[in-house]
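For the record, in the sequence shown the residue sitting at position 67 is 67 according to full-length UniProt numbering, with numbers rising by one throughout.
Ideal Cβ positions, reconstructed from N, Cα and C, are used throughout, including at glycine.
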Amino acid sequence: MKIDIDQLTEAELIDLNHRIVERLRFLDQMRAHVEMLEFKIGDRVTFQPPDHSPLEGMLTRYNQKTVTVITDTGQKWNVSPNVLSRVKSAKGTNTAGSNVVPLNKR
1 MKIDIDQLTE AELIDLNHRI VERLRFLDQM RAHVEMLEFK IGDRVTFQPP
51 DHSPLEGMLT RYNQKTVTVI TDTGQKWNVS PNVLSRVKSA KGTNTAGSNV
101 VPLNKR
C-alpha cells in the first residue's frame, strides 16, 4: 500500500505521523512482552551492564518494558529482557546463601 504524502494536508500529515509513532511504540511493547515471557518470576538470570562485569540475580518483577532483577549483592536493576540470559543451575544445587527455601511435597 502506497500513500502519496505529497497530496496530504498539514493536519493529515500530523495525524499520520501520530499514528505511525503510536504503531511503532505498540510493536516495541509487543516485542518486549514476548521477550519477557521467556522468563518467569524467580528465575536466576545474568546480564552485563555497560562498563561492569556480568551480574547475576533473581528476576522479581515484570515492568512495562523491562524486568526487575535483584542481584546477589542486593542491588535492584531494571533491565531489558533482551539482555538477560538464564543461569544454568545443576540439579540438586545447594541454595545456601540465597533466600530460596525448598519445600517438601505433602
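Check the Cα spacing between Arg-44 and each of Lys-76, Val-21, Thr-9 and Leu-59: the tightest is with Leu-59. For the beta strand (DSSP E) assignment, the uninterrupted runs of no fewer than 3 residues enclosed by the segment 60–92 are, from N- to C-terminal side, 67–71 and 76–79.
Beyond the five residues adjoining it in sequence on each side, Asp-72 comes within less than 7 Å, by CB distance, of Glu-56 and Gly-57 in the same chain, given in chain order.
For Phe-47, the enclosing beta strand (DSSP E) stretches over residues 44–47. Here Thr-68 is not near Ser-80, since their CB atoms are 7 Å or more apart. Assignment of Glu-56 by DSSP, reduced to helix, strand and coil, places it in the strand class.
In this structure, Asn-78 lies away from Glu-35, with their beta-carbon atoms at least 7 Å apart. The residue among Ile-3, Ser-85, Asp-6 and Glu-10 with its C-alpha nearest the C-alpha of Gln-48 is Ser-85.
Residue state for Met-1 is assigned as coil, using DSSP reduced to three classes.
In the displayed model, Ile-41 falls within coil according to three-state DSSP, outside both helix and strand. In the DSSP assignment, Gln-29 falls within the unbroken alpha helix (DSSP H) covering 10–36.
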